[in-house]
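Number of protein chains: 2
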Amino acid sequence: MATIREVARYCDVSVATVSRVFNTPEIVSPETRQRIFDAAAEIGYLPNESARTLATKKSNMVGLIWDTDHRRPGWRHPFLQEILVTLKTALSAHGLHLLMLSHREPYLQAARRHNLDGVVIIDNGSQDPAVLALADAEIPCVALDLRRTGPTCTYVTSDNTGGATLAVQHLIDRGHRRIASITGPLQTAPAAERLTGFRAALAAAGLPIAADHMVESDFYLDGGHTAMLRLLASAPRPTAVFAAGDEMAIGAMRAARQAGLRIPDDIAIVGFDDIELAALVPPGLTTVAQDRAGFGTAAAEALVTMLQNAGQPPAPTVLPTTLIVRGST
Amino acid sequence: MATIREVARYCDVSVATVSRVFNTPEIVSPETRQRIFDAAAEIGYLPNESARTLATKKSNMVGLIWDTDHRRPGWRHPFLQEILVTLKTALSAHGLHLLMLSHREPYLQAARRHNLDGVVIIDNGSQDPAVLALADAEIPCVALDLRRTGPTCTYVTSDNTGGATLAVQHLIDRGHRRIASITGPLQTAPAAERLTGFRAALAAAGLPIAADHMVESDFYLDGGHTAMLRLLASAPRPTAVFAAGDEMAIGAMRAARQAGLRIPDDIAIVGFDDIELAALVPPGLTTVAQDRAGFGTAAAEALVTMLQNAGQPPAPTVLPTTLIVRGST
DNA sequence: GCGGCTGATGTAACCGGTTTCATGCCGTCC
DNA sequence: GGACGGCATGAAACCGGTTACATCAGCCGC
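First to last, the protein sequences are chains A and B. Number 34 in our numbering belongs to position 2 of the first sequence; there are no gaps in the numbering. Number 124 in our numbering belongs to position 92 of the second sequence; there are no gaps in the numbering.
Right, here's the structure in full:
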């Protein structure tokens, strides 16, 4: 690999000038600039990122944390792939790369060792202290689905409360009065917020909430199934169920069908997330869609803003949610 | 951030000794080692990775390339997430981090600039020249689902041919004689190999292949739907269909159902991949499962092998596939 | 008693960039 | 015609590590 000194020698200029050509080209004379530029292309010179990082203390890399909860190795984000793609695309437009951090080392430590410019956290509500330490440190970070702010920390999340309200309101509009809920793990922010929305909608309509019509589950298919069995055992039975995640909703649908109930006639079901499956499973799952692409782009924007003006972090982004009505209600 | 010189001064030793404590601890006397180690912990010293990389030319980072085809931004790998998780876990066990490369810059160039130790390629058959350049360069790389070898390049793939043979053999065993195929884009290796397996199974059974019973599609749901419509329009109609991907298979099932056909009585369908959906969509999709976790771990192992002994790259890994029989056949 | 070996540590060059500060040149203004 | 300002460039320190080589003490064998 050619070095900056070779280019300098080749062009009979100093290394400083070569460096300037690649960093502040406007301050070097057009002829010199062109000459150096051509020479660099000819001998295949590429600036060494490690050396640049060492000198500038900026690595142009941002850390990515997503599997923060080692207790649940199979944890799946409903649209992680979209987030990664959009995030990567948006960041690379600013010349930033994504470094996936492993939890074998404290995140903060890894971030410092690598001179990371910032960090993006995709949390699942595990309250991992290693993650929280990051949010409190000096390093710019933006959290997804984790409402955490700080002097260098902001977040992006969906309007979970509003979405849930929308869903439940829809059930009420359909004439339902006994509406149950299957929530996700309540220590996670999205689950808690969706429950809040559920409550708000019922309260606004003056409807009661039966204690045995609220069951906490785990966002997974089997969990939804089990939860539904419990709901079906209650008396009087709910006529509609709001499941705070589509996987759970689909599990619940199976349980209902196995119990001989027709959907939506005997029991209506609405989910949350609008996963691919929701449109495919008969009779189609009414659900609340999130702005999938919005997460990545908003996170990248927020991060870039923080990197440019080191002052206050930008305000949190709350992405809108929309109700998608299908056959299950 | 504390530097190595501060630790050295603090302990009244030379920086060389401190460096040795972190790299070759066995050659420094136990007392000194412990003293330095304690001091480092006390003043919060962390070795700067950029400086280490600069000096050693090893970055402990491996590049990850997956969206090689910019023409299909929404490209989805059926189990990208599993691959990422397992790959990351396996690599971090060796102290390696994963850097996601963007296609805004030639991959090879980015790899050199960052002193990447190696690269993992998740290809979708795009034949991207930037990817191929990587495989031909001096940098260790392992390709997934792309049969590419070289002096520093090996690959990991599923036994697509064998899996397809398994699937078609299964249809033949069920008594089918007119078996059609819906393939993926044939320029991708998995699609081509699955077609080979399809042909091999029919040939072994002495069955003919009708030209209008082989349609090329795109691995997506709608593509499978369209392909099935064409198959249903042929005469005589096939009694069974091998779709080279589950999404296509599910699209095909819908088309069949919409045409009033019963599955599996009127037409049998078998897919490939065993995506989550396969078990959920009634009556359950018979399919060929791949070793999802195997990709990541095998890739990591192959890469680490290449990093350790710089000689010949390890032989390619071909992961076994297994048939999973469900209601659709 | 001395040469030589071994093990622990220090010295200093080096990795490949960036950036401060100095220098020299030229045109301008009075 | 000389002071001055601005522009292009160069010299050299610096970023924070690694490592080849030198040094030195202590021990061994003869």
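Virtual Cβ for every residue (Gly too), placed ideally from N, Cα, C. In this text, all values refer to a predicted model and were calculated from it rather than measured experimentally.
Check	Outcome
Contacting positions in the region 136-169 of chain B - beta carbon closer than 9 Å to chain A	ARG136, GLU137, GLN141, ALA142, ARG144, ARG145, HIS146, ASN147
Unbroken alpha helix (DSSP H) run spanning TYR252(B), endpoints	Run containing TYR252(B): none; DSSP gives neither H nor E here.
Partner residues on chain B for GLU402(A), Cβ-Cβ distance less than 7 Å	Examination of residue 402(A) is not possible in this model, given that chain A is present from 33 through 361 alone.
Separation of MET338(B) from ALA342(A), as counted between CA atoms	42 Å
Rounded Cβ spacing between ILE153(A) and ALA175(A) (contact assumed at less than 8 Å)	4 Å
Test: GLN322(B) CB closer than 8 Å to a CB of chain A	no
Own chain residues within Cβ distance below 6 Å of PRO110(A), not counting five before or after	ASP305, ILE307
LYS89(B) burial status per 10 Å Cβ neighbour count (16 or more: buried)	exposed
Whole-angstrom distance between LEU355(A) and ALA311(A), CA atom to CA atom	13 Å
Neighbourhood of ILE115(A) by C-beta, 6 Å cutoff - its chain only, sequence neighbours within 5 removed	PHE327, GLY328
Given THR181(B) as reference, the closest of SER190(B), THR349(B), ARG358(B) once Cα atoms are compared	THR349(B)
CB contact below 8 Å: VAL94(B) versus chain A	no
Within 8 Å, strictly: CB atoms of ALA275(A) and ALA284(A)	yes
CA-to-CA distance, ILE171(A) to VAL151(A), given in whole angstroms	7 Å
CA nearest to the CA of GLN340(B), picked from TYR252(B), ALA87(B), THR184(B), VAL357(B)	THR184(B)
Exposed unless 16 or more other CB atoms sit within 10 angstroms - verdict on ALA48(A)	exposed
Euclidean distance between Cα positions of GLU248(A) and ALA167(A)	28 Å
Neighbourhood of LEU96(B) by C-beta, 6 Å cutoff - its chain only, sequence neighbours within 5 removed	LEU130, MET132, VAL152
Beta-carbon contacts of ALA169(B) that lie in its chain and below 6 Å, excluding the five residues immediately before and after	LEU140
C-beta atoms of ALA34(A) and VAL50(A) nearer than 8 Å	no
Best match in ARG52(B), THR193(B), ILE211(B), SER61(B) for proximity to THR361(B) [C-alpha to C-alpha]	ILE211(B)
Check whether PRO222(A) and ASP177(A) have beta carbons under 8 Å apart	yes
Under 8 Å between C-beta atoms of VAL200(B) and ALA233(B)	yes
Beta-carbon proximity list for GLY106(A), same chain, < 6 Å, skipping 5 on both sides	Below a pLDDT of 50, predicted positions are generally treated as unreliable, and GLY106(A), at 47, falls in that range; the measurement from the model is reported next regardless. For GLY106(A), where only same-chain residues beyond five positions count, there are no Cβ hits under 6 Å.
Inter-residue Cα distance where the pair is ILE299(B) and GLY207(B)	12 Å
DSSP beta-bridge partners of VAL152(A)	LEU96(A), VAL174(A)
Per DSSP, the bridge partner or partners of ASP305(B)	ALA321(B)
Cβ neighbours of HIS102(B) in the same chain (closer than 7 Å, five flanking residues each side left out)	Note on HIS102(B): pLDDT 47, under 50, position unreliable in the model; the coordinate value appears next. For HIS102(B), where only same-chain residues beyond five positions count, the Cβ hits under 7 Å are HIS135.
Contact test: THR189(B) Cβ vs the ligand HEM heavy atom, cutoff 7 Å	The ligand content of the structure shown is nil, which means the ligand HEM is not present either.
Length at least 4, wholly inside the region 267-307 of chain A: the alpha helix (DSSP H) runs in chain order	278-290
CB contact check: THR85(B) to chain A, cutoff 8 Å	yes
Residues in the region 286-312 of chain A having any Cβ partner in chain B nearer than 9 Å	ARG286, GLU308, LEU309, LEU312
Per-residue burial, GLY359(B) [other beta carbons within 10 Å of its own, 16 or more giving buried]	exposed
Distance between PRO161(A) and ALA235(A) (C-alpha atoms, nearest Å)	35 Å
Residues that HIS126(A) contacts on chain B, provided the C-beta gap is smaller than 8 Å	Near HIS126(A) there are no residues of chain B at all, since even the closest Cβ is about 10 Å away, more than 8 Å.
Interface flag, MET260(B) vs chain A, CB-CB below 8 Å	no
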